[in-house]
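First residue of the first sequence: 11, per our numbering; consecutive thereafter.
What follows is a short report on a single structure.
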Amino acid sequence: MIRQEIKEAVCEAVRSLAKDKSISIEGFSLTSGAAAVEFSKDRDHGDYASNIAMQIAQATKKNPKDLADLIKARIEDGPSKKLFEKIEVAGPGFINFRVSKNYFQKEVSRILKEKDKFGAINIGKNLKTQVEFISSNPSGQMHVGNGRGAFYGDVLARILTKAGYKTDKEFYINDAKVSKQIQELGKTALGHGESYLTPYLKETIEKLKPGLSKMVSETEAGYYLSQAVLKDLKKFVEKKLDIKFDYWISEEDLYKQSWVISTYDILKKQKLVFEKDDAYWLKLSDAGQKDEVLLRKNGSPTYFLSDIAYHRYKIERGYKKIIDIWGADHQGHIPRMNAVMKILGYKGEYEVLISQIVRLKGGKMSKREGNIITLESLVDEVGLDAARFFYLVKSLNAQMEFDVELAKEKSEKSPVFYVQYAYARISSILAKSKAVKPAASSATGLLVFSSEIELIKELLRLQEVVEDTAADYQVQRLFQYSQDLATSFHKFYCDCRVITEDKKLTAARLQLVMATKIVLKNTFDLMGISAPEKM
RNA sequence: GCCCCUGUAGCUCAAUGGAUAGAGCAUCUGCCUUCUAAGCAGAAAAUACAGGUUCGAUUCCUGUCAGGGGCACCA
Numbered sequence: 011m012i013r014q015e016i017k018e019a020v021c022e023a024v025r026s027l028a029k030d031k032s033i034s035i036e037g038f039s040l041t042s043g044a045a046a047v048e049f050s051k052d053r054d055h056g057d058y059a060s061n062i063a064m065q066i067a068q069a070t071k072k073n074p075k076d077l078a079d080l081i082k083a084r085i086e087d088g089p090s091k092k093l094f095e096k097i098e099v100a101g102p103g104f105i106n107f108r109v110s111k112n113y114f115q116k117e118v119s120r121i122l123k124e125k126d127k128f129g130a131i132n133i134g135k136n137l138k139t140q141v142e143f144i145s146s147n148p149s150g151q152m153h154v155g156n157g158r159g160a161f162y163g164d165v166l167a168r169i170l171t172k173a174g175y176k177t178d179k180e181f182y183i184n185d186a187k188v189s190k191q192i193q194e195l196g197k198t199a200l201g202h203g204e205s206y207l208t209p210y211l212k213e214t215i216e217k218l219k220p221g222l223s224k225m226v227s228e229t230e231a232g233y234y235l236s237q238a239v240l241k242d243l244k245k246f247v248e249k250k251l252d253i254k255f256d257y258w259i260s261e262e263d264l265y266k267q268s269w270v271i272s273t274y275d276i277l278k279k280q281k282l283v284f285e286k287d288d289a290y291w292l293k294l295s296d297a298g299q300k301d302e303v304l305l306r307k308n309g310s311p312t313y314f315l316s317d318i319a320y321h322r323y324k325i326e327r328g329y330k331k332i333i334d335i336w337g338a339d340h341q342g343h344i345p346r347m348n349a350v351m352k353i354l355g356y357k358g359e360y361e362v363l364i365s366q367i368v369r370l371k372g373g374k375m376s377k378r379e380g381n382i383i384t385l386e387s388l389v390d391e392v393g394l395d396a397a398r399f400f401y402l403v404k405s406l407n408a409q410m411e412f413d414v415e416l417a418k419e420k421s422e423k424s425p426v427f428y429v430q431y432a433y434a435r436i437s438s439i440l441a442k443s444k445a446v447k448p449a450a451s452s453a454t455g456l457l458v459f460s461s462e463i464e465l466i467k468e469l470l471r472l473q474e475v476v477e478d479t480a481a482d483y484q485v486q487r488l489f490q491y492s493q494d495l496a497t498s499f500h501k502f503y504c505d506c507r508v509i510t511e512d513k514k515l516t517a518a519r520l521q522l523v524m525a526t527k528i529v530l531k532n533t534f535d536l537m538g539i540s541a542p543e544k545m
């Protein structure tokens, strides 16, 4: 990776300067990401830029510009010199690197060789990782709010996998018979109540009439109904949303397999359970949290207890990195679960991400649905690709306003088409090129226009995007990248005609086009959107 | 009252302790006899307010104001 190579070159130069006492970097850690090397969008600032000189200015008691000159000279004396066409010191002390065209051109053939593997890195080192998301209740259809965690979680898992984590996707089903929601659902199923009663649920109950009519227990009826809802939910998620989960874990199964009761016993053994007001509580005050009820006055376990059991189950299955994605209404639950993970002795990484509220601006989407906006009607309305894109644009912890009318209206001009259009154009060029006899030659030395180089730079950036996103989970970066990549291609398309009389140049540019196709496709795969050959 | 998230262009959203804060939509101006104009080139337009830390703050900290969410023997 070019960014990594430059970073190493910079660090090496600084180390070498420190070694022969040209500078002193007492108390400064080079490894802590201090030698920031960033991609430059502005070519006046080179291809990559480092602010290292300004970072270490204080520690070395030297002027940043002088330092930058020293580092620049050291790199130019070193083995990595051949990477660069030019190194410049600019502004308050930036070191701007212009990478050699030769390097870029060679990278094109690497992309052609790696194909769908291109962009994959191994910072995860195969660490057993789990992302749990959606986990909507089996009491009805998913709504537009669920869509956010759904697509976000799916894409995050894809990125982590690409980054070398052994990632599983998991859906937790809140179908415990002892839970309030199953009880409520049971009342509704037997016509004793109206909780969750949407048109969809009415229909489902109608379909289940033969089975339900024999039931007297609300709990059994609720569970029976929830399993039917779950079946629809699974089908919707897998077929319509195209999200494949590795595991669907049932809360009821955790009860059946004694995970809940054994977890209670473990907590009790640790002397963390106490009785108050006829209920049994988990002592969390030592962790600075409010104590929580585990067993109610009536003896039934709370959701909190089964959630502890569920997380214990995750740990027992050997996950070293666990990511939960919850809705904003669960954020108060985070400090408690953090405390619980400590109690359970978890040594791995545990992180809860909160998907902020999705608000509706455009009002009702369809009269038939009432005022509950289902994710299904949205996907039907704007299409899966556009829907996924729409959710991926925003950072997870910012609220998002969903203007339904706008989403429908704009679907023709949606950014997703802009990116897919680049892919379609490529396919069109490649289709036409079949009539042309290929000249066997490499791209080296032939791709020299700035729009060609800029395109190659963008292609190579996929690896950086994967690396950065696997580290900070800012999935919207991928959306941004896809736009930049498409822009670079569209510019190249306008500036440089691919198929011409010049056989060698045609071959070189065809290679670049094929490489772009690969990188675009890999980016689409990460986002879970389709790559159309024609539009 | 306490806790969490957010405040960037007319609208919907990005980004960043650094060098000119980016896109799309909307508005305006150019570009199709050549691989798809669902495109390209250009104009105009933004960091809520007040302090602080810093060589440098839109970013970090504090306060104010505004919006949203949470503070159950619900999940």
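Every residue, glycine too, gets a C-beta built ideally from N, C-alpha and C.
Chain-order list of residues whose beta-carbon lies under 8 Å from that of residue i (same chain, five-residue window excluded)
i, result
"K377", "A caution first: K377 carries a pLDDT of 39, below 50, which makes its placement in the model unreliable, though a value can still be read off. Excluding positions up to five away in sequence, the list is empty."
"E547", "The structure shown does not extend to residue 547, since the chain spans only 11 to 545, so no value can be given for it."
"D126", "I528, K531, N532, D535"
"V20", "A45, V47, S60, I62, I81, I85, I105"
"E474", "M11, R13, F49"
Same chain, Cβ closer than 7 Å to residue i, neighbours up to 5 away in sequence not counted
i, result
"V403", "Q486, F489"
"I192", "D185, A186, T229, G232, Y233, S236"
"I325", "L354, Y356"
"F502", "S461, E462, L465"
"A167", "V141, T177, K179"
"F499", "A432, L465, T526"
"E302", "W291, L292, L294, F314, R346"
"N156", "I144, S146, L385"
"Y210", "G150, Q151"
Candidates the options, of which the one nearest residue i by Cα
i, options, result
"A481", "N147, T312, E359", "E359"
"L114", "T533, H500, G455", "A quick correction: the sequence has Phe, not Leu, at residue 114. With distances taken between Cα atoms, F114 lies closest to G455."
"G393", "G342, S540, I439", "S540"
"H10", "S260, K279, F161, Q299", "The structure shown does not extend to residue 10, since the chain is modelled only from 11 to 545, so the question has no answer here."
"S460", "R471, E474, D505, V426", "D505"
"D52", "R519, F499, K467, I133", "K467"
"I62", "A78, H55, K72, D54", "A78"
"P425", "F399, D413, I81", "F399"
"K219", "L207, L240, T208, G201", "G201"
"K135", "D395, L170, E98, Q299", "L170"
"M524", "V458, D395, T273, R435", "R435"
"Q430", "D494, K418, E391, S405", "D494"
"F49", "L27, R108, K190", "R108"
"L137", "G174, G129, P148", "G174"
"D296", "Q267, K244, V350, R327", "V350"
"Y483", "K513, V270, S421, L406", "L406"
"D54", "F255, A67, G101", "G101"
"D256", "K244, E262, L515, E477", "K244"
Contact set for residue i: own chain, Cβ-Cβ below 6 Å, skip 5 residues either direction
i, result
"Y428", "A496"
"E194", "S205"
"G103", "A63, M64, P74, K75, A78"
"K439", "Looking at the sequence itself, residue 439 is Ile, so the reference to Lys does not match. Excluding positions up to five away in sequence, the list reads V508, V523."
"F534", "A541"
"E10", "Since the first and last residues shown for the chain are 11 and 545, residue 10 lies out of range."
"N348", "none"
"A28", "I35"
"F143", "G159, G163, I335"
"E379", "Reliability fails at E379, whose pLDDT of 42 lies under 50, so the model's placement of it is uncertain and no value is given."
"S437", "E543"
Residue i Cβ short of 8 Å to the ligand NAP heavy atom set
i, result
"I335", "Absence of the ligand NAP is noted for the structure shown, with no ligands found whatsoever."
Anticipated Cβ contact below 8 Å, residue i with residue j, distance rounded
i, j, result
"K307", "A289", "5 Å"
"E8", "K111", "Given a span of 11 to 545 for the chain in the structure shown, any question on residue 8 remains unanswerable."
"G88", "E22", "7 Å"
"Q140", "E98", "No, Q140 and E98 are not in contact; Cβ-Cβ is about 46 Å, not under 8 Å."
"I332", "W258", "17 Å between Cβ atoms; not a contact."
"M545", "V165", "Not really, about 23 Å apart at Cβ, beyond 8 Å."
"V283", "L264", "The pair is not a contact, with the Cβ atoms about 19 Å apart (cut-off 8 Å)."
"V247", "Q521", "The Cβ separation is near 39 Å, so there is no contact."
Quiz item: So does the segment 216 to 229 actually touch the segment 344 to 357, counting three or more Cβ pairs closer than 8 Å?
Solution: Result no; under three Cβ-Cβ pairs closer than 8 Å.
Exercise. For the segment 382 to 390 and the segment 150 to 164, state whether three or more C-beta atom pairs, one from each stretch, are separated by less than 8 Å.
Key: Touching, per the Cβ criterion.
Practice problem: Let me know the beta strand (DSSP E) ranges lying completely inside the segment 207 to 280, each 3 residues or longer, listed in chain order. | Solution: Runs of the beta strand (DSSP E) inside the segment 207 to 280: 257 to 260.
Quiz item: Mind pulling the beta strand (DSSP E) runs of 3 or more residues that sit fully within the segment 319 to 355?
Solution: Within the segment 319 to 355, the complete beta strand (DSSP E) runs of at least 3 residues fall at 331 to 337.
Quiz item: Which parts of the segment 397 to 470 are runs of the alpha helix (DSSP H), unbroken and 4 residues or longer, counting only runs that do not cross its ends?
Solution: Within the segment 397 to 470, complete alpha helix (DSSP H) segments of at least 4 residues are found at 414 to 420, 425 to 443, given in chain order.
Quiz prompt | Uninterrupted alpha helix (DSSP H) stretches inside the segment 178 to 207 (no shorter than 4 residues) | solution = Within the segment 178 to 207, the complete alpha helix (DSSP H) runs of at least 4 residues are 190 to 199.
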